[in-house]
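Novice: Numbering-wise (UniProt numbering), the sequence shown opens with residue 1 and increments by one.
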Amino acid sequence: MHHGRLDWRRSLMAYGSGPTRTSSSRGLLSLFVVPFLFLLVGCSQGIDDLPPRGSDNGAGGAGEGGSGQGGSGGGSGGAPAVCQEGQKKTCTVQLGEHNGVKSCFKGVHVCQNGAWSPCQEDKAPFAPGGASSEKPAPPGSNNVLADCANNPCDPSCQVFDEDPPGGLKPFAQTPIFTWQTGDLGNYPADLAAQGVAQPCAEGVDCQFNQYCSAPVFGTCNHNKCAVGAPLGVGCDPCVDDICAIDPTCCETTYGGTCAHDYCEVGAKLTDGCDPCVSSICDVDPRCCGLPAWGSCSHDYCKTGGSLTTACDPCAASVCADDPKCCNLGTTGTCAHGYCSTGNPLVPGCHSCVAQICAAEPKCCDFTPGTVACTHDYCVTGSKLNTACDPCVAAVCAAQPSCCTGTWSAACVNLVGSVCQQNDRCPSPKWTSSCVDKVATVCGNSCTAGWTQRCVDKVPALCGKTCDPSTWTASCVDKVGSVCGKSCGPFEWDAACVGMVDTVCGAKCYQDPPCSHNKCDSGEKLDAACDSCVATICQELPDCCNVAWTNLCVDRVKTLCGQGCPVKGDCVPWLPGQTDPDCAGYDLSIGVPCSGSVPVCNHGNATAPAGVKLIHYAAGSGQFGKCSPNQALAGVQSCVTPSPIPPGKCINVPAASCGLSATKREIMVNPPSYGGYTQLDECQCLDNWASFAPNVACGSPSCSNTTTATVKRVNMFIALDRSGSMTTNIGGGETRWSATVKALKKFVKDPGSAGLGVALRFWPDNAPVSGCNDTTCSATACRSPLVDVGVLTLQSAPTDTQEKKLVDALDAKSPNGNTPMYPALSGATQWAINYKNANPNEDAIVVFATDGDPVGCNESETDISDLAGTAFSTKGIKTYAIGIQGAAQTFMNLIATKGGTKKGFFVAPGGNVENELLSALIQIKGDTLSCDFVVPNGGVYDPSAAKVTFTPSAGAPVVLANLASAAGCGAGWYYDDPANPAQLKLCPSTCQTVLNDAGAKLSVDLGCPGGYDPATFTYKYEAVCPQGSTVQWGFLAYDTLTAADTNVVFKARTATTQAGLAAAAYKNLATAQASPNTQVCLMSGPAPCPLSLFDKLGAGDARQRHLELSITLNPASNKSAAAIVKSWDLSYSCPDSE
1 MHHGRLDWRR SLMAYGSGPT RTSSSRGLLS LFVVPFLFLL VGCSQGIDDL
51 PPRGSDNGAG GAGEGGSGQG GSGGGSGGAP AVCQEGQKKT CTVQLGEHNG
101 VKSCFKGVHV CQNGAWSPCQ EDKAPFAPGG ASSEKPAPPG SNNVLADCAN
151 NPCDPSCQVF DEDPPGGLKP FAQTPIFTWQ TGDLGNYPAD LAAQGVAQPC
201 AEGVDCQFNQ YCSAPVFGTC NHNKCAVGAP LGVGCDPCVD DICAIDPTCC
251 ETTYGGTCAH DYCEVGAKLT DGCDPCVSSI CDVDPRCCGL PAWGSCSHDY
301 CKTGGSLTTA CDPCAASVCA DDPKCCNLGT TGTCAHGYCS TGNPLVPGCH
351 SCVAQICAAE PKCCDFTPGT VACTHDYCVT GSKLNTACDP CVAAVCAAQP
401 SCCTGTWSAA CVNLVGSVCQ QNDRCPSPKW TSSCVDKVAT VCGNSCTAGW
451 TQRCVDKVPA LCGKTCDPST WTASCVDKVG SVCGKSCGPF EWDAACVGMV
501 DTVCGAKCYQ DPPCSHNKCD SGEKLDAACD SCVATICQEL PDCCNVAWTN
551 LCVDRVKTLC GQGCPVKGDC VPWLPGQTDP DCAGYDLSIG VPCSGSVPVC
601 NHGNATAPAG VKLIHYAAGS GQFGKCSPNQ ALAGVQSCVT PSPIPPGKCI
651 NVPAASCGLS ATKREIMVNP PSYGGYTQLD ECQCLDNWAS FAPNVACGSP
701 SCSNTTTATV KRVNMFIALD RSGSMTTNIG GGETRWSATV KALKKFVKDP
751 GSAGLGVALR FWPDNAPVSG CNDTTCSATA CRSPLVDVGV LTLQSAPTDT
801 QEKKLVDALD AKSPNGNTPM YPALSGATQW AINYKNANPN EDAIVVFATD
851 GDPVGCNESE TDISDLAGTA FSTKGIKTYA IGIQGAAQTF MNLIATKGGT
901 KKGFFVAPGG NVENELLSAL IQIKGDTLSC DFVVPNGGVY DPSAAKVTFT
951 PSAGAPVVLA NLASAAGCGA GWYYDDPANP AQLKLCPSTC QTVLNDAGAK
1001 LSVDLGCPGG YDPATFTYKY EAVCPQGSTV QWGFLAYDTL TAADTNVVFK
1051 ARTATTQAGL AAAAYKNLAT AQASPNTQVC LMSGPAPCPL SLFDKLGAGD
1101 ARQRHLELSI TLNPASNKSA AAIVKSWDLS YSCPDSE
C-alpha cells in the first residue's frame, strides 16, 4: 500500500427512485486531506490480534482493561464484569478480510443493569471536543459519505450513511376500510355518557365499539393488572367478579358471627355461627366442643370400657382395626386369634398379622398347605402328606419314603437343605413373642376395653380430633374438604390478572421480562428487568425490595421521563384490529350515523350473516346488560345482512331495523330468544350502543379519531390535625410530620399538574372560626384555608398554588379533638357547591383522619350518611384515608356510602409518608393525558395525523407537528418519527389544555390504506485515488417489519452507470420479523454486517458503480407496511498493484 499519498479525491453519485420519486441527484464532494500519521495510528491498533467475527473483546474481564483490545488489560476476567450504570469501555470486533483488506468495528461496551452490553456504536463521544469525520452531502442528495470512523483497520474505508427523515416507507393507496361510523366527540352528550364511563374499570364501561384500556382499580391496594398481594373484596367491581370465581385471588374477609375466622386456629367455634362451621362440626364435633360419642357408653376420645361398633361410625372404624377396643374376637380369617399362641398365621388373615409377619417372618406361614400336617415336620413321627406344606413336598421329592413310610431323622435333616429359608427348622410358630408384637408393632391391644391405644387411633382412622375442644388445624383443614372453600394461600397471581380480560373485558398490558408492567402498582420488581426500574429502585429501594407502589409508578414519568397508558381509557377498536386473545367472534356496535348502524367484529373468526340486533326505548334500564329482558314491550329487532370478517365492520341500514326518529338503545347478539340462537362470542360486555337520529358520519368515514373533553378534577382535602396526630411512629417522625411530608411531595409532583386542590384543616378556626368540637359549624369547615387552584408543570414559586399549599402545611401543627361530623359535612358541602358552579369539572373529597369521632355528632351512621347524600344527589365521591389509629370498619363505611367502595389505610408500623403519598396518587388517577397511543405496524401513516384543540371559548386550532421535543414551542411531536408509539403534546401546549376545563382535544390519525409492494433504487459511484481500486465492503440496515411484512435488499454493479441496466441483481438480505432479521448493524453480531464482497463475488465487488434495490413488501392483507429507518453501505480503496 502507498501510505505516502496525502490527499484523495472522493466522489459519490446517489440516485433515488421509487413509486413516487421522479428526480435523481448527482454531486461531487470537495477535496479534503487525510493526515498520514492518523492513518498509521488507525491501522496499528491491534489489527493482527482481533477477536473472531461474531465475538467482541473486553466484555469478559472484570476490570476496565484499557482499550479492551483482544481482551488484554481487561482485568483478570472469567466472572461477569461489575460496572456502574452508563459506564463505557472500548471494544473492537473483526468483521472479515476481503482480498487482503481487513475490516473491523471499534465501538464501546455500555454498562446496563450492572452488566456490560455487547460491542455497539458509541452514541456519544467519550470526551468532549472529538471532531466528526462526516462530510456534507453533495447538493440535492440525501446521501452522506463519511470516513469509516469505527473501522480503524481499514483507513481507506468510506461509508454511505443513509438516514432518510421519517424512514423509507411506501404511501398507502385507496383506503381499504369503507364502512361509515360517527364520532363520539360530536354525539349527543347524554347518549355518549350512557355508553362511556371514564375512567373505566371493566368492559361494560366502554360501549360504541371501544375497549377498556389499562382499567382503574378503585381503592384496591394495588393495580388489578399486576401480580401481587391478594386484593380486597369491595375495592373494585371487576375484582369482586373475579373473587367470586376464584376466592384465592382475594383477601379473606370473614363475615359470619363466629368468634374468629374459621380459617384460623383458635378457641372452639359455636355450632350454627356459620354454615361451614356447622358442616365441619357435624363431621368433627370436637371442633365446636360438642359430644363426640353418638350412642356410645362414653366419649371415644376418653379411655373406658369397650365400645360397640354400632354406637358411632368412628368406633366402628377403630374396632375394625383393633377388635379388642370393642371386645371382639381377634381371629378375622385367621386359624386362631392373634392374641393367643399356636400354629403360624397366614399374613393376609388380618392387617395386624400382616404387620407382625413383616416384622418377624417366623411368626407366619407364607406358603401354607391345603391340609394340616399331622405333626411338626421338624420332629420325627409318622409319615406326612405332601399337601400339608410345600416344605414337606420338597423333602418327599428328595426322599419319597418320608411320605410313604415314616418321617425319620433323615427327613428332618433334609428340611435344612431343600426348604425355603423361613420354613427351615425351627418351623414357624405364633409364639408369645408374636403375641407381644400386637402392641408394639400394630399398636393394638389384647386386653378388652377402650384403652389409650384406641383413643390414639381416632385422628388417623376417623379424621377427627381428640385434642381439647378447640378449633385446631384439623378443623381448618376441613374448610376445604367439607365446605369446598379455601383458606389460601391467597395471591393475586397471573391467573387472576388474566381474568381482568376474560371476565371483566378490560385490557392489561404486560412488560416482559418484568413480572408486571412498571406502569402498574403490584409486587416488587427486579431491577434487572428494565433500566427505568433500576433507576427508580436506586432512588426508592423499597420498589424492588418490598412492593412496586403507586409512588414507584409515578417515578416512571417524573424520573425516567417515560409515558404510561392513560388509566381507564375507553379506546376505539381500530379498523383491521382484532383481539389476539379471542379466537372466535367478538361483536360490538360503533357510533350510528347517517341512517346506518356499524356492526363490528374484533374476534378472529368471521361472524356469519343473520346476527340479531335488538333495540329498546331510551331509559329502558337494560343498557349494558349481557342478558337484557327481551320480553319488554316495544322491543324491536333486525339481523345483519352479510358476514363480518375479523377486524371489520358492516353498515346495517337503520330503517331495516325500525330505527328512525327517536333515541334507542341497541344490542348486538343478545341471548337466545324467540327462535334466535345466540353466537358464542368472547365477550358480551361491550355489545351496546345508543342510537340518535340525524347524526352525520365523520369525514373521512374510515378515520380513527379520538376526542377527549378536558374535565378538571378538583380535590378538597379535609385533613385531621387533632392531638393524636402527634403520635410518634419511629425514626424521629410523628403521624403529623409524615403526613405533611407526603402532602408536600404530592403537590410538588409534576404528575399532579392539571389537578385542582383546596385544603382545609380540622379542627381549626382558620380561615373561619367554628370548625371545632364546640361550635361544630359545617359552614366554617367548608371554607378552605387554601382555596382551590390548579397545580402546574412548574415548581413553586412560579406555581403559586403549590407555594400556597406548602406554606399552609408548614405553618400548622396538631391540636384538639376529632369533630368528624362538621368536618365531613363542610367538605361535602364545598364539593356540592363547586360542582353546581362548575358543571364541566369534577369535585371530590379526600377525608384523612387517624382516629374516631370525638365531639359534636359522634354517630358513625350520621357521619357516613353525609358522604352518601353527596354521592347519591350530586355524584360527589368521598375518599376515606385511615392513618394509623383509624377504625377500618368506619372508614370503609364512609367510602362505601361515598361511592368509592373501600377506604385507604396506612397500617400500624407502615411507612406513613410513602403509603399516604401512594394513596393520594391513586386517588388522583390520571387527568387528561398529554400523550396519545399511536397504532403501530404501519396501519396508519404518521404524517397524516392531525391534532385539533378546541378551547372552551373560541375557534378550533390545528396544532403544529414538530420534528422532536427539542423543537417544542406550541404543538406536538412523535416519540420516534420513524416508528411512533406515542404522540406527545409539548409542555406549554399541555399546560394550556389542562388549564381549560371544557375544552376538547381531537387526535385524527386519518384513514388506513391498502399497501402494494414498493421498490426504491439508489445508484452509488465510488471513486478511489490513482493506484487503488474500488472494493465494496459491507451493508448494514435498520428496519421495522410489522406483521408479515418484509424488506428485500438486492444489488448489482457495473463499470459504468449506463452498464447497470444490463447487470443482474444479486440478493443480499431479507429483513423480516420471523425469523427476526429486522436489524443488521455494523457492530454485528454475525452474520451482520452483510459482506458485499461475498454476496456480489470478487469480480462484481470491484466495479465502480453499484445500484441498491430496496423492496418493501406489505402484509398479506395489505393493511401494514414495512419501514426502512436507515442503511449504511461501505467500500474501500485497496492498492491496485
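Every residue, glycine too, gets a C-beta built ideally from N, C-alpha and C.
1) Just checking, does the region 737 to 752 make contact with the region 780 to 788 on the three C-beta pairs under 8 Å criterion?
2) Going residue by residue through the region 631 to 677, where are the continuous beta strand (DSSP E) segments of at least 3 residues, counting only ones entirely within it?
3) Taking the beta carbon of P819 as the centre, do at least 16 other beta carbons fall within 10 Å, making it buried, or is it exposed?
4) Verify whether the separation of the beta carbon atoms of Q1103 and T1053 is less than 8 Å.
5) Among D241, G875, A919 and A547, which has the Cα closest to the Cα of C504?
6) Relative to the C-alpha of C403, which residue among S417, P426 and C373 is closest?
7) Among residues of its own chain, excluding the 5 on either side of Y1037, which ones have a beta-carbon nearer than 6 Å to its beta-carbon?
8) With the cut-off set at 8 Å, would you say P368 and V346 are in Cβ contact?
9) Run through the DSSP bridge pairs and tell me what L791 is partnered with.
10) Quick check: is the beta carbon of D773 nearer than 8 Å to any beta carbon in chain C?
11) Checking the sheet assignment: what are the DSSP bridge partners for M715?
12) Residues in its own chain within less than 7 Å of P671 by CB, not counting five upstream and five downstream?
13) Hey, how far is the Cα of Q562 from the Cα of G751?
14) Identify which residue in F1034, G624 and A609 has its Cα closest to the Cα of H615.
15) Does the distance from the CB of T640 to the CB of G610 come in under 8 Å?
16) Entirely within the region 144 to 199 and at least 4 residues each: give me those alpha helix (DSSP H) ranges in chain order.
17) With distances taken between CB atoms, is the gap from I881 to V845 smaller than 8 Å?
18) Looking at the secondary structure, which residues open and close the beta strand (DSSP E) in which V1124 lies?
19) For my contact list, Q922 and G903 are in at a C-beta cut-off of 8 Å; report their separation, rounded to the angstrom.
20) For W106, count the other beta carbons within 10 Å of its own beta carbon; 16 or more makes it buried, fewer makes it exposed. Which is it?
21) Beta-carbon separation of T989 and A970 under 8 Å?
22) Could you work out which residue in C91, L145, Q87 and Q207 is closest to C684 when comparing CA atoms only?
23) Decide if G130 is buried, meaning its Cβ has at least 16 other Cβ atoms within 10 Å, or exposed.
24) Is any heavy atom of the ligand MG found at a distance shorter than 7 Å from the C-beta of A1058?
25) If we call anything under 8 Å between Cβ atoms a contact, is A831 one with A870?
26) Entirely within the region 1081 to 1106 and at least 4 residues each: give me those alpha helix (DSSP H) ranges in chain order.
27) Please state whether DSSP places S382 in a helix, a strand or coil.
28) Taking C-alpha atoms, which residue in P987, K924, V958 and W293 lies nearest to C930?
29) Mind checking S660: buried by the 16 CB within 10 Å criterion, or exposed?
30) If you draw a straight line from the C-alpha of S872 to the C-alpha of D1012, how long is it?
31) Taking its Cβ as the centre, do 16 or more other Cβ atoms sit within 10 Å of N892, making it buried, or is it exposed?
32) Mind checking which residues open and close the beta strand (DSSP E) that includes A1014?
33) Quick one: what's Q622 bridged to in DSSP?
34) Could you please give the first and the last residue of the uninterrupted beta strand (DSSP E) stretch that includes D865?
35) Counting C-beta neighbours from all protein chains within 10 Å, is the total for Y338 16 or more, i.e. buried, or is it exposed?
36) Could you give the first and the last residue of the continuous alpha helix (DSSP H) run that contains I242?
Specialist: Quick answer:
1) no
2) 636 to 639, 648 to 653 and 664 to 668
3) Counting from one through the sequence shown, the residue named residue 819 turns up at place 819. P819 should be labelled buried.
4) As a first step, residue 1103 must be located in the sequence shown, where it is residue number 1103. As a first step, residue 1053 must be located in the sequence shown, where it is residue number 1053. Against a cut-off of 8 Å, the Cβ pair of T1053 and Q1103 comes out as a contact.
5) As a working mapping, residue 504 is identified with position 504 in the sequence shown. Of D241, G875, A919 and A547, the residue nearest in Cα terms is D241.
6) Walking along the sequence shown from the start, residue 403 turns up at place 403. Ranked by Cα distance from C403, the first of S417, P426 and C373 is C373.
7) Against the sequence shown, residue 1037 aligns to sequence position 1037. Close CB contacts of Y1037 within its chain, under the 6 Å cut and outside five residues either way in sequence, are with C1080 and W1127 (chain order).
8) Against the sequence shown, residue 368 aligns to sequence position 368. Against the sequence shown, residue 346 aligns to sequence position 346. A contact, by the Cβ cut-off of 8 Å.
9) Your numbering for residue 791 matches position 791 in the sequence shown. Answer is none; L791 lacks a bridge partner.
10) The question asks about chain C, but that chain is absent: this structure has only one protein chain.
11) Translated into the one-based positions of the sequence shown, residue 715 becomes position 715. Answer is V757 and I844.
12) On the sequence shown, residue 671 is found 671 positions in, with the first residue counted as 1. Here the set comprises S627 and Q678.
13) If you number the sequence shown from 1, residue 562 lands on position 562. If you number the sequence shown from 1, residue 751 lands on position 751. Approximately 12 Å, taken between the alpha carbons.
14) On the sequence shown, position 615 is the one that residue 615 refers to. Per the Cα distances, G624.
15) Position 640 of the sequence shown holds residue 640. Position 610 of the sequence shown holds residue 610. For T640 and G610, yes; Cβs fall inside 8 Å.
16) 189 to 195
17) Looking up residue 881 in the sequence shown gives position 881. Looking up residue 845 in the sequence shown gives position 845. Cβ distance not < 8 Å, so I881 and V845 don't count as in contact.
18) The residue labelled residue 1124 in the question sits at position 1124 within the sequence shown. That run of the beta strand (DSSP E) goes I1123 to S1132.
19) Numbered from 1 along the sequence shown, position 922 holds the residue referred to as residue 922. Numbered from 1 along the sequence shown, position 903 holds the residue referred to as residue 903. Not a contact, Cβ separation roughly 12 Å.
20) Against the sequence shown, residue 106 aligns to sequence position 106. It should be noted that the sequence gives Lys, not Trp, for residue 106. K106 comes out buried.
21) Here residue 989 refers to the residue found at position 989 when the sequence shown is read from its first residue. Here residue 970 refers to the residue found at position 970 when the sequence shown is read from its first residue. Yes, they are a contact pair.
22) Position 684 of the sequence shown holds residue 684. If we check each option's Cα against that of C684, Q207 comes out closest.
23) Looking up residue 130 in the sequence shown gives position 130. Here G130 scores only 31 on pLDDT, less than 50, and its place in the model should not be relied on; the value that follows carries that caveat. Label assigned to G130: exposed.
24) Here there are no bound small molecules, and the ligand MG is not part of this structure.
25) Your numbering for residue 831 matches position 831 in the sequence shown. Your numbering for residue 870 matches position 870 in the sequence shown. Contact: yes.
26) The region 1081 to 1106 contains these whole alpha helix (DSSP H) runs: 1092 to 1096.
27) Taking the sequence shown and counting its residues from 1, the one referred to as residue 382 is at position 382. Note: S382 maps to strand in three-state DSSP.
28) Here the question's residue 930 lines up with position 930 in the sequence shown. Nearest option by C-alpha distance: P987.
29) In the sequence shown, the residue the question calls residue 660 occupies position 660. Answer is exposed; the Cβ neighbour count stays below 16.
30) To locate residue 872, count along the sequence shown from 1; it is residue 872. To locate residue 1012, count along the sequence shown from 1; it is residue 1012. For S872 and D1012, the distance between alpha carbons rounds to 57 Å.
31) Numbered from its first residue, the sequence shown carries residue 892 at position 892. It is buried - the Cβ of N892 has at least 16 other Cβ atoms within 10 Å.
32) By one-based count along the sequence shown, residue 1014 stands at place 1014. A1014 -> beta strand (DSSP E) spans A1014 to E1021.
33) Working through the sequence shown from its first residue, we reach residue 622 at position 622. Answer is none; Q622 lacks a bridge partner.
34) Counted from its first residue, the sequence shown places residue 865 at position 865. First-last for D865: E860 to K874, but that is the alpha helix (DSSP H), not the beta strand (DSSP E).
35) Taking the sequence shown and counting its residues from 1, one reaches residue 338 at position 338. Burial call: buried.
36) As a first step, residue 242 must be located in the sequence shown, where it is residue number 242. That run of the alpha helix (DSSP H) goes P237 to I245.
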